[in-house]
Amino acid sequence: MSDTKASTDSVNVQITTIKLNGSSNYLLWAQAVKVYINAKGKLHYLTTDPPNENSRDYNGWMRENDTLLVWLWNSMEPSIAANVMFHTTAKEVWDDLMESYSQDKNMSRVYELYEKIFNFKQGDKSLGEYYSALKGMWEELNLYQPITTDLERLKTQRSEFQVAKFLSGLNADLQPVKSQLLAGDRVPSMNEAFCRIQRIVPPSSTLSKDNSAFVAGSGGRGRGGVSNRGRGFGGNHSRGGGRNGQSSD
1 MSDTKASTDS VNVQITTIKL NGSSNYLLWA QAVKVYINAK GKLHYLTTDP
51 PNENSRDYNG WMRENDTLLV WLWNSMEPSI AANVMFHTTA KEVWDDLMES
101 YSQDKNMSRV YELYEKIFNF KQGDKSLGEY YSALKGMWEE LNLYQPITTD
151 LERLKTQRSE FQVAKFLSGL NADLQPVKSQ LLAGDRVPSM NEAFCRIQRI
201 VPPSSTLSKD NSAFVAGSGG RGRGGVSNRG RGFGGNHSRG GGRNGQSSD
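Residue numbers for the sequence shown follow the UniProt record's numbering, beginning at 1 and rising by one.
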């Protein structure tokens, strides 16, 4: 079909089952959209500006462009579409979404994928279902971390893997700290992540557990031990720690 003719493609067609909802699924959405639009021979509308208004091709170009605008808007969640509704070309919408949601270091999503992969088990799935689901996770991860021969990029990907594994093993009460680390403009190394968490989390949170275990095991005896008054083990002991008021020494 010529660009100077009105498009006969259905304007309200659903070009992908993936609804763009933000940075969490942007890469998957963009990949699906590009495949569909390329199959229609219209990919250049996402990358080129319109011809001059005085050009004989201008009106036909804009009609084709408007079809793509509707396709794009219909493939987004309403809240996302509202933010790009007043752009006049598909390229403007595409560039805006790329700037907003295409994060080269989208560590939040990379971390989510790694955590899913680390914890994924076959369970009651068939072998084929288990394999397909796991393979899908790896393929999505490849969108964020494509195979490369660039040594610096490989080092970065290795560092991201280490950080993801480190964070995935932390206790649930550190979730807010993990979210802060992943929300930054730069992905920290594992050493940096450890140091930053160590500065935020008081050492007593770990030491108190160790001390509690020690006290429970020792019954509170010895220097610096606490008296065991009230309910619990040793609740009837005297301040000296012995029985019947006698010293335990």
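Where a beta carbon is used, it is the ideal one built from N, C-alpha and C, also for glycine.
Q. Which residues does DSSP pair with residue 20 in a beta bridge?
A. Within the sequence shown, the letter at position 20 stands for residue 20. Per DSSP, 76.
Q: With a threshold of 16 other CB atoms inside 10 Å of the CB of residue 147, please say whether the residue is buried or exposed.
A: Counting from one through the sequence shown, the residue named residue 147 turns up at place 147. Exposed, since its Cβ has fewer than 16 Cβ neighbours within 10 Å.
Q) So residue 127 is in the alpha helix (DSSP H); what residue range does that whole segment cover? A) Taking the first residue of the sequence shown as position 1, residue 127 is located at position 127. Element bounds for residue 127: 127 to 144.
Q.
Taking the alpha carbon of residue 92 as the reference point, which residue from 75, 194, 129, 45 has its own alpha carbon closest?
A. On the sequence shown, position 92 is the one that residue 92 refers to. Cα-wise, what sits closest to residue 92 is 45.
Q.
Is the beta carbon of residue 111 closer than 7 Å to that of residue 122?
A. Numbered from 1 along the sequence shown, position 122 holds the residue referred to as residue 122. Numbered from 1 along the sequence shown, position 111 holds the residue referred to as residue 111. Cβ distance not < 7 Å, so residue 122 and residue 111 don't count as in contact.
Q | Cβ distance (whole Å) where residue 28 is taken to contact residue 182 below 8 Å | A | Counting from one through the sequence shown, the residue named residue 28 turns up at place 28. Counting from one through the sequence shown, the residue named residue 182 turns up at place 182. The pair is not a contact, with the Cβ atoms about 19 Å apart (cut-off 8 Å).
Q) Are the Cβ atoms of residue 77 and residue 21 separated by less than 7 Å? A) Start at 1 with the first residue of the sequence shown, and residue 77 comes out as number 77. Start at 1 with the first residue of the sequence shown, and residue 21 comes out as number 21. Yes, they are a contact pair.
Q.
Between 17, 158, 50, 15, which has its C-alpha nearest residue 88's C-alpha?
A. As a position in the sequence shown, residue 88 is number 88, starting the count at 1. Considering only 17, 158, 50, 15, the residue with the shortest C-alpha distance to residue 88 is 50.
Q: Using only the heavy atoms of the ligand MN, determine whether one of them is closer than 6 Å to the beta carbon of residue 98.
A: Inclusion of the ligand MN in the displayed structure is not the case, the ligand content being empty and no account of it being possible.
Q) What whole-angstrom Cβ distance do residue 65 and residue 12 have, given they're in contact under 8 Å? A) Locating residue 65 in the sequence shown gives position 65, where the first residue counts as 1. Locating residue 12 in the sequence shown gives position 12, where the first residue counts as 1. Wrong, their Cβ atoms sit about 16 Å apart, outside the cutoff.
Q. Is it the case that the Cβ atoms of residue 189 and residue 159 are separated by a distance below 7 Å?
A. Within the sequence shown, numbered from 1, the residue matching residue 189 stands at position 189. Within the sequence shown, numbered from 1, the residue matching residue 159 stands at position 159. By the CB criterion at 7 Å, residue 189 and residue 159 fall inside the cutoff.
Q | residue 15 burial status per 10 Å Cβ neighbour count (16 or more: buried) | A | For the purposes of this step, residue 15 is identified with residue 15 of the sequence shown, where counting begins at 1. When all chains shown are included, residue 15 counts as buried.
Q.
Restricting to Cα atoms, I'd like to know which of 72, 42, 47 is closest to residue 60.
A. As a working note, residue 60 is residue 60 in the sequence shown. Per the Cα distances, 42.
Q.
Rounded to the nearest angstrom, what separates residue 48 and residue 25 at their Cα positions?
A. Numbered from 1 along the sequence shown, position 48 holds the residue referred to as residue 48. Numbered from 1 along the sequence shown, position 25 holds the residue referred to as residue 25. C-alpha separation (whole angstroms): 25 Å.
Q. Would you report the Cα separation of residue 334 and residue 39, rounded to the nearest angstrom?
A. Coverage of the chain is limited to positions 1 through 249, which leaves residue 334 absent and any answer about it impossible.
Q: Assign residue 178 to one of three DSSP states: helix, strand, or coil.
A: Your numbering for residue 178 matches position 178 in the sequence shown. Helix at residue 178.
Q. Taking C-alpha atoms, which residue in 137, 52, 30 lies nearest to residue 94?
A. If you number the sequence shown from 1, residue 94 lands on position 94. With distances taken between Cα atoms, residue 94 lies closest to 30.
(Q) Residues in the same chain with beta-carbon distance under 8 Å from residue 117, minus the five sequence neighbours each way, listed in chain order, please. (A) Reading the sequence shown from its first residue, position 117 is the one you call residue 117. Within the same chain, residue 117 has close Cβ partners 134, 137, 138, 141.
Q: Using beta-carbon positions only, say whether residue 115 and residue 79 come within less than 7 Å of one another.
A: For this step, residue 115 is matched to residue 115 along the sequence shown. For this step, residue 79 is matched to residue 79 along the sequence shown. Against a cut-off of 7 Å, the Cβ pair of residue 79 and residue 115 comes out as no contact.
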